[in-house]
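See structure below.
Number of protein chains: 2
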Amino acid sequence: MDGNKKNVRLLVEYDGTAYHGFQTQEDPHLPTIQSKLEEAVWRICQEKVRVTGSGRTDAGTHALGQVINFQTSSRIPIDKLPKALNSALPRDIRIQEAEYVQTDFHACYDAVAKTYQYVIDNQPTPSVFRRCYAYHVPHDLDTAKMQKAAAALVGTHDFASFRTSGSSARTSVRTVFQLDVIASGSSITITIKADGFLYNMVRNIVGTLVEVGRGKRQPGCVADILKARDRTKAGPTAPAHGLYLLEVYYDDERLFGNA
Amino acid sequence: MDGNKKNVRLLVEYDGTAYHGFQTQEDPHLPTIQSKLEEAVWRICQEKVRVTGSGRTDAGTHALGQVINFQTSSRIPIDKLPKALNSALPRDIRIQEAEYVQTDFHACYDAVAKTYQYVIDNQPTPSVFRRCYAYHVPHDLDTAKMQKAAAALVGTHDFASFRTSGSSARTSVRTVFQLDVIASGSSITITIKADGFLYNMVRNIVGTLVEVGRGKRQPGCVADILKARDRTKAGPTAPAHGLYLLEVYYDDERLFGNA
Numbered sequence: 001m002d003g004n005k006k007n008v009r010l011l012v013e014y015d016g017t018a019y020h021g022f023q024t025q026e027d028p029h030l031p032t033i034q035s036k037l038e039e040a041v042w043r044i045c046q047e048k049v050r051v052t053g054s055g056r057t058d059a060g061t062h063a064l065g066q067v068i069n070f071q072t073s074s075r076i077p078i079d080k081l082p083k084a085l086n087s088a089l090p091r092d093i094r095i096q097e098a099e100y101v102q103t104d105f106h107a108c109y110d111a112v113a114k115t116y117q118y119v120i121d122n123q124p125t126p127s128v129f130r131r132c133y134a135y136h137v138p139h140d141l142d143t144a145k146m147q148k149a150a151a152a153l154v155g156t157h158d159f160a161s162f163r164t165s166g167s168s169a170r171t172s173v174r175t176v177f178q179l180d181v182i183a184s185g186s187s188i189t190i191t192i193k194a195d196g197f198l199y200n201m202v203r204n205i206v207g208t209l210v211e212v213g214r215g216k217r218q219p220g221c222v223a224d225i226l227k228a229r230d231r232t233k234a235g236p237t238a239p240a241h242g243l244y245l246l247e248v249y250y251d252d253e254r255l256f257g258n259a
Numbered sequence: 260m261d262g263n264k265k266n267v268r269l270l271v272e273y274d275g276t277a278y279h280g281f282q283t284q285e286d287p288h289l290p291t292i293q294s295k296l297e298e299a300v301w302r303i304c305q306e307k308v309r310v311t312g313s314g315r316t317d318a319g320t321h322a323l324g325q326v327i328n329f330q331t332s333s334r335i336p337i338d339k340l341p342k343a344l345n346s347a348l349p350r351d352i353r354i355q356e357a358e359y360v361q362t363d364f365h366a367c368y369d370a371v372a373k374t375y376q377y378v379i380d381n382q383p384t385p386s387v388f389r390r391c392y393a394y395h396v397p398h399d400l401d402t403a404k405m406q407k408a409a410a411a412l413v414g415t416h417d418f419a420s421f422r423t424s425g426s427s428a429r430t431s432v433r434t435v436f437q438l439d440v441i442a443s444g445s446s447i448t449i450t451i452k453a454d455g456f457l458y459n460m461v462r463n464i465v466g467t468l469v470e471v472g473r474g475k476r477q478p479g480c481v482a483d484i485l486k487a488r489d490r491t492k493a494g495p496t497a498p499a500h501g502l503y504l505l506e507v508y509y510d511d512e513r514l515f516g517n518a
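In the order they appear, the protein sequences are chains A and B.
Using this note's numbering, you'd call the opening residue of the first sequence number 1 and step up by one each time.
Using this note's numbering, you'd call the opening residue of the second sequence number 260 and step up by one each time.
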């Protein structure tokens, strides 16, 4: 670790509509959140950095509270950094906060939990204002049944049935701390907090809950789906544009040390 | 009036971000809400129609409840028309309702009142999700003072000071029935209902209320501004993208006749 460098942690909000996901792709010309952040650091701090995100988000998926970190020698005061970087970022990416953290803090490895939110636009005709920000489901959804199914997913389980293949995680056991299904007006918001998420896990859970809400499956199906450890037993993958990375949690000790 | 034709009234929602306003421009290649609606009727009903809106909206301004009407010989059942037209419309324009009205109903001339809403994103860093849907004001706004100023605009007044020139209206006297300023979280929503609106009237009122909220003007200024009948005495024109046409009101008699 270069002793002159400081480790900066940024809280980032973005509208994922125009991007090919968070992570820079093999084709470096495809716009990604990561590439835009690195370009902004280059323009403002004159440094070529590699930013580390708490995790990837898919193309079209949004974030209200993505966390990233990078090492910098820049002398821009940390409280001026959000405004400076925002001046170099497109309007659909905004730095909300910046702070120094201890030198070995890592936005991905040190995350102890995350909360995602998934928004459903549940009315016959989709809202034009939510066409990129919520999954339009025109059918009647029984949210009481969805809540019942959701409750059965809370706890420590093997979520292999809710993992899209291609995931490299060693284990598919995760602990879901919270899974709420809240209806308000024409919106249904599903909030899920877990110690970690498998590839497409939220979208596969939502796709299954929607089938329960439509009456295609019974709430009790969830226990069988978990037991099967087989992706084909769960519902379809809900679209990416209804999904928001809401919050990433860290131990204060890993952020700021014991001091 | 062609006896075989029926008069159709549509309730239309649109995201104005991508359009050069409601009304078709001199340059017919500029995308407008009107041109997209007429194209959709052409594709679905095979008719060249001229749609009449309740009024224009500016480039970037949105609508939750724009009302339009047009004469048609189409035999598509009225309850199927929204879905049929929506299949031919871009995703940022949606027909919410369709109904037959009496043959001489006119969406503009027959409107007896309208409600507009204006949304302010009032926080230090703008929300990425509202960059096209709310006016970002980073300064502290005193909503109690804004409410006080707003209250002084309710009633029948000469609103010449709040009219951007270029307006062709014969009189600048209008009656404001309601003008609410409601703060909720980081949003401030201004709702204004009147029997009619002069060109840019809502945006000029909002620009003035924001100056009151920032402390640049006192709430009592409104009486002097009205009295002056001089556009230069009021505040600046707030941007178009915070504005929504919420509802247009008609007498049931003009819609459906006395029968």
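No residue lacks a Cβ here, since even glycine has one placed at the ideal position from N, Cα and C.
{"Query": "State the DSSP-derived secondary structure class of V260/A, mapped to helix, strand or coil.", "Result": "Residue 260/A is absent from the structure shown; chain A starts at 1 and stops at 259."}
{"Query": "Could you compute how far the alpha carbon of F256/A sits from the alpha carbon of F70/A?", "Result": "15 Å"}
{"Query": "CB-CB under 7 Å to C367/B, same chain, minus the five flanking residues each way: which ones, in chain order?", "Result": "T311, G312, S313, G314"}
{"Query": "Using the beta-carbon count (16 or more within 10 Å), is K373/B buried or exposed?", "Result": "buried"}
{"Query": "Out of C304/B, T331/B, A277/B, L296/B, which one is the CA nearest neighbour of S266/B?", "Result": "Sequence inspection shows Asn at residue 266/B; the Ser mentioned does not correspond to that position. Here the closest residue by C-alpha is T331/B."}
{"Query": "Which residues in the same chain have their Cβ closer than 7 Å to the Cβ of P236/A, if we skip the five residues on either side of it in sequence?", "Result": "G207"}
{"Query": "Sorted by chain position, which residues of the same chain lie with C-beta nearer than 7 Å to R43/A's C-beta, five sequence neighbours on each side aside?", "Result": "A88"}
{"Query": "Count the CB pairs spanning the segment 190–201 of chain A and the segment 156–171 of chain A that are closer than 8 Å, and state whether there are at least three.", "Result": "yes"}
{"Query": "Using a 10 Å radius around the Cβ and a threshold of 16 neighbouring Cβ atoms, would you call S443/B buried or exposed?", "Result": "exposed"}
{"Query": "Report the residues of the segment 5–22 of chain A with a CB closer than 9 Å to any CB of chain B, ordered along the chain.", "Result": "E13, Y14, D15"}
{"Query": "Using a beta-carbon distance cut-off of less than 8 Å, what residues from the segment 119–132 of chain A approach chain B?", "Result": "T125, P126, S127, V128, F129, R131"}
{"Query": "Tell me where the alpha helix (DSSP H) around G414/B begins and ends.", "Result": "Note, G414/B: premise wrong, no alpha helix (DSSP H); beta strand (DSSP E) at 414–417."}
{"Query": "For T415/B, which of S386/B, A453/B, T448/B has the nearest alpha-carbon?", "Result": "A453/B"}
{"Query": "In its own chain, which residues sit with a C-beta less than 8 Å from the C-beta of T32/A, not counting the 5 before and 5 after it?", "Result": "Y19, H20, G21, F22, Q23, T24, Q25"}
{"Query": "According to the Cβ coordinates, are A408/B and V469/B closer than 8 Å?", "Result": "no"}
{"Query": "Bridge partners for D121/A per DSSP, in chain order?", "Result": "H136/A, S187/A"}
{"Query": "Could you tell me which residues DSSP puts in a beta bridge with Y503/B?", "Result": "H321/B, Q376/B"}
{"Query": "Anything in chain B within Cβ reach of D92/A, meaning under 8 Å, just list it in chain order.", "Result": "V387, R390"}
{"Query": "According to the Cβ coordinates, are L64/A and Y250/A closer than 8 Å?", "Result": "no"}
{"Query": "Please state the DSSP three-state secondary structure of A194/A.", "Result": "strand"}
{"Query": "In the DSSP assignment, find the unbroken alpha helix (DSSP H) run with I225/A in it and report its ends.", "Result": "221–228"}
{"Query": "In its own chain, which residues sit with a C-beta less than 7 Å from the C-beta of D274/B, not counting the 5 before and 5 after it?", "Result": "H321, D351"}
{"Query": "With DSSP as the reference, identify every bridge partner of L11/A, one or two as the case may be.", "Result": "V67/A, E97/A"}
{"Query": "Identify each residue in the segment 70–87 of chain A for which the Cβ-Cβ distance to at least one residue of chain B is less than 9 Å, and report them in chain order.", "Result": "P82, K83, N86"}
{"Query": "If we ignore side chains and look at the alpha-carbon of each, how far apart do I327/B and V507/B end up?", "Result": "10 Å"}
{"Query": "State the DSSP-derived secondary structure class of A370/B, mapped to helix, strand or coil.", "Result": "strand"}
{"Query": "Use the C-beta contact count for D121/A: other C-beta atoms within 10 angstroms, 16 or more gives buried, fewer gives exposed.", "Result": "buried"}
{"Query": "Between which two residues does the alpha helix (DSSP H) containing I335/B stretch?", "Result": "It is not in any alpha helix (DSSP H) - I335/B carries neither H nor E in the DSSP assignment."}
{"Query": "CB I78/A to CB A84/A, shorter than 8 Å?", "Result": "no"}
{"Query": "Below 6 Å CB to CB, which residues in the same chain sit around A493/B once its five sequence neighbours on both sides are set aside?", "Result": "S420, F421, N463, T467, I484"}
{"Query": "Helix, strand or coil: how does DSSP classify T237/A here?", "Result": "coil"}
{"Query": "Does DSSP classify T402/B as helix, strand or coil?", "Result": "helix"}
{"Query": "At 9 Å on the CB atoms, spell out the chain A contacts of Q293/B, in chain order.", "Result": "Chain A residues near Q293/B: none, gap ~16 Å exceeds 9 Å."}
{"Query": "Let me see if you follow: with CB-CB separation under 8 Å, is Q355/B close to chain A or not?", "Result": "yes"}
{"Query": "Please go through the same chain and pick out, in chain order, the residues whose beta-carbon is closer than 6 Å to the beta-carbon of R473/B, but skip the five residues on each side of it.", "Result": "H398"}
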